[in-house]
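The structure appears right after this line, and notes come after that.
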Amino acid sequence: MVMLGWCTTSFAQSCPKLPELNFDRRGDAVYMDSLLTLGRVHRQITARLPRNRNNDTLRLEGLRFMALVFKQMRGQQRDSSFLYARKLEEQALVYHNNLYTVRALMLQEYYLRTVKGDYPHALQINQRASELCVKLPRESSPRWQVQMNMGDIYMLLKEYSNALTSYHLALTLLSFNKSLTPKNRKLLTSQAISQIGEVYEIRGDYELARQQYEASRQIALDTHSQINVAYSDERLGDFFISRQQPAQAIKVFEEGLAVWTQLNDRPGQAAVWARLSECYTQTNQPKLAIEFGEKAVAVARDAGYIRIRQMATQSLYRAYRLANQPAQALAMYEEYSMLRDSLTNLRRVEELSAVQKKYDINQVRIAAEKERFIQQQQLLNVRRQAELERLRAEAERDQLASETRMNHLKQSIETERLRAESQKTRLEQRAHIDKLSHDIEQASLLRIVLVGGLAMLFGFAAVYYRKNRLINRQKLEIEALNHDLEDKVLARTIELKLANDQLRAKNREIEEALLRGQTLERKRMAADLHDSLGGLLAAIKTSLSALNPAKMADREQQIYHNLLNMSKEAFAEIRYLSHNLQPDELEKQGLSQALTRLVHKLNLSQKIVFSLENTELPRLDKTAEFNLYSICIELCSNILRHSEATEAQILFRRFNNELNMIVKDNGCGMDPRDATGMGLHNIQARMDLIQGRYEIHSGPSEGTTFIFILPVLPNLEKA
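Quick note on the numbering used here: the sequence shown kicks off at 4 and runs consecutively.
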């Protein structure tokens, strides 16, 4: 009641985490009932909280807590664990929470495998959980539990090498997991080590098996988990009995008996008493063997523990013979024979059931492998077709680029020729002007001589008059030549400007043709994906819908519903791919609307949170918008596949005549010197096409930032 009052008060304030289960007290009915009450109060409080990520997690944690508490109980109450696990899976799918979906599947798998013995269904759940674990970070992924379960299934199939591999992989994954408490991680490590010891013992590696059992027991002692210490003592003691070492077994069993006595666990005490009776019989101490055997038989008869009763009656039969009490020995032997026959029949049924389960498991594995192979082939065909289309587009782009370079070269040659001709004409005119200037200088010198000679002035007046007229005429000719030269230079300049304008117009036409070609190609690919593959998936879905699941077995109904769900997911993926190849928003409403829709779609289906700031983004021409959108698609794809980030941003900033596009994430980072992939080559080519440049800023565990800088010129900005 104190715990309930404290929890209610705390929930009313801040809704804290639920307490960790104390597995040593799972036999305490009062303690377990108090945990169930806490779980119900937690669910009532969280049900009234508003919808957000933290409150959704609290609701999921409440369902998981109830499933875990019922999992530790005995009898029919364990069925409630499966029901809460199903509720947890349904709610986690609604909240798109992969971590809690996997945890729900693991609770269902444990119930089906240990309580119901439905190994094929458990294997299917394991396979589904393994696929979801790929989407989770390694430090919080429950993949270690999937590998532990697979190891137990391999033990049933007697595939001991595969079981050993699964247990070792589970140990490795446990060391990376940060979501578990240190104590629970150690206890789970102890469990995995004990399972590895069982594999070694079955294979005959007894020394390695003993080392594993002792290491498991030492971890249980270090964590002060009484129930795990007791189980470790029993497992190590059984190993010593099988190796005919009763003295060492007695020491270990006595320690385990002390733990079970402290926990007041009667089944645990009875199991150890039966084992001690066998040990004292082997050490020729019949009195002690009879004492412990009688106590074990009494508890086993009252509680109906058949295996403990068989073990105790067998050891009592040997102990009474050793004590020379034939009547009691005969009675114990008759009871032991009856139990042995009953258990033998039960074991035969279990062996037949195990064979059937093994066959069912193999059928499930074969079906899963066949389906995986078909999916891989389909994916390979799609990738091959995409690669062919990409190579065809690259060939066309290279051809257009070659034609553009050839036009540039022709234009450069023509420009140089016109410049050379203009320079030649200018030099010829300059030489003619220099000649005329020299003639003028000579005429001026002659005029000075005539003026100096007054005596010759009158005699040569006519000559002077004639010369003067000649000089004036030459000046007029020089001025006319200068005007003519200026007109020719102006005309040549106009011709060069016209040629440059024509060349720029041709370049724009080529760029527009390239953009139209890429747009048409993307539309064609999107239409092919939507019409061909989308139509095929629609036909498959229609064919499946025509089946009547009510006439199918439970397992076939599960497979039928799985096929329907996969068809829906594949159809949605085709629509997503066909839309992103050439979104309508980019062509009709511009880059801003296209990126807004892209970020919205990414946030619906991915674990990384994307954000967009586009208030400073103007409307650009089609070439610039198309290339910037393609760059964003390439970078978002790289962030999803490689960055291991939780957040990513796309920002636009305007600085005078420059527009900056910034794409950054908080992921694992990269070395900018290693940025030599095909995707970055494509980004460089696109920035060259729109006369821009880009920078990369990154480092290990520092995230990655791409900055794209392009001038906002009249030929780029439209509004």
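Beta carbons: idealized from backbone N, C-alpha and C, even for Gly.
The C-alpha of I244 lies about 11 Å from the C-alpha of V255. With respect to the C-alpha of M151, the residue from P621, G200, P270, S169 having the closest C-alpha is S169.
With respect to A223, S193 sits close: the two C-beta atoms are nearer than 7 Å. As the crow flies, the alpha-carbon of R89 is around 15 Å from that of V72. If you check the CB distance, L620 and V666 do not come in under 7 Å.
Excluding residues up to 5 positions away in sequence, G296, M335 lie with their Cβ nearer than 6 Å to the Cβ of L319 in the same chain.
It is roughly 5 Å from the alpha-carbon of A651 to the alpha-carbon of F613. Where Q652 is concerned, the enclosing beta strand (DSSP E) starts and stops at 650 to 658. Note that the C-beta distance between G702 and G672 is below 7 Å. Checking the DSSP bridge columns, you'll see Y697 partnered with F711.
If one requires a minimum length of 4 residues, the alpha helix (DSSP H) runs lying completely within the region 591 to 617 are 594 to 608, in chain order. E201 is the residue among E142, E201, N180, V118 whose C-alpha sits nearest the C-alpha of G154. In the DSSP annotation of this structure, the continuous segment of the alpha helix (DSSP H) that includes M153 starts and ends at 146 to 159. Counting along the chain, E661 sits inside no alpha helix (DSSP H); it lies in the beta strand (DSSP E) bounded by residues 661 to 668. Residue environment for Y468: exposed (fewer than 16 other C-beta atoms within 10 angstroms of its C-beta).
For Y122, the enclosing alpha helix (DSSP H) has its first and last residue at 122 to 136. Closest in C-alpha terms to R657, from the list R689, S646, N617, comes N617. The residues V105, R106, M109, C136, in chain order, have a CB closer than 7 Å to that of P145 in the same chain once the five nearest residues on each side in sequence are set aside. Relative to R429, the option among Y157, H486, L550 whose CA is nearest is H486. Taking 7 Å as the cut-off, the Cβ atoms of D59 and Y87 do not count as close. A contact is defined here as three or more CB-CB pairs under 8 Å, and the region 283 to 290 fails this definition with respect to the region 298 to 316. Beyond the five residues adjoining it in sequence on each side, Q148 comes within less than 6 Å, by CB distance, of M109 in the same chain, given in chain order. Around the CB of I416, fewer than 16 other CB atoms lie within 10 Å, so the residue is classed as exposed. M314 counts as buried, since at least 16 other C-beta atoms from the protein chains shown sit within 10 angstroms of its C-beta. Assignment of L115 by DSSP, reduced to helix, strand and coil, places it in the helix class. Under the 10 Å beta carbon count, S704 is surrounded by fewer than 16 other beta carbons and is classified as exposed. Rounded to whole angstroms, the Cβ separation of K470 and L449 is 7 Å, and the two are in contact under 8 Å. Pairing R206 with Y163 gives a Cβ-Cβ distance under 7 Å. For T192, the uninterrupted alpha helix (DSSP H) run begins and ends at 185 to 206, by DSSP. Taken through DSSP and simplified to helix, strand or coil, N327 comes out as coil.
Looking at K554, L623, I611, Y216, the one whose alpha-carbon comes closest to that of P714 is L623. Contact annotation, L342 with R312: C-beta distance approximately 6 Å; criterion of less than 8 Å satisfied. Pairing Q215 with I196 gives a Cβ-Cβ distance under 7 Å. Distance from the CA of H411 to the CA of E489, rounded to the nearest whole angstrom, comes to 29 Å.
Between E237 and G259, the C-beta gap is smaller than 7 Å, which places the two residues in contact. Between A556 and I611, the C-beta gap is not smaller than 7 Å, which leaves the two residues out of contact.
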